[in-house]
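For reference, the structure is listed below as structure tokens.
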Amino acid sequence: MVDLALTESEAVTNVAGAVNELLMLAQDLGGSMEYCHGVGVRLAHLMDRELGQGLEVMKRIKEALDPDNIMNPGKLALEH
3 MVDLALTESE AVTNVAGAVN ELLMLAQDLG GSMEYCHGVG VRLAHLMDRE
53 LGQGLEVMKR IKEALDPDNI MNPGKLALEH
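Going by the working numbering, the sequence shown opens with residue 3, and the numbers climb by one from there.
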């Protein structure tokens, strides 16, 4: 049920929370939050939960291929 008395900021916060809960439920059920354009900055906080050790492998590959961190800096959880 949508509370029409919410401010726009409160509504955005509520929707973001609901999206997080749904994505975590999908992960718990063996699904993925991935879609055709990748996870994106807004969902980066869930990457570790979804990828586990795979995220560490991705970080090491990123470090090996881009030691100066010039390719897409500041994106996702791959900073080094």
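Virtual Cβ for every residue (Gly too), placed ideally from N, Cα, C.
Residue i vs residue j beta-carbon contact at 7 Å
i     : j     : result
Leu48 : Leu31 : no
Asp50 : Leu57 : yes
Assigned exposure category for residue i - 16 Cβ within 10 Å defines buried
i     : result
Val14 : exposed
Val41 : buried
Through-space distance from residue j to residue i, alpha-carbon basis
i     : j     : result
Ala28 : Leu53 : 13 Å
Met35 : Met60 : 17 Å
Gly33 : Asp70 : 34 Å
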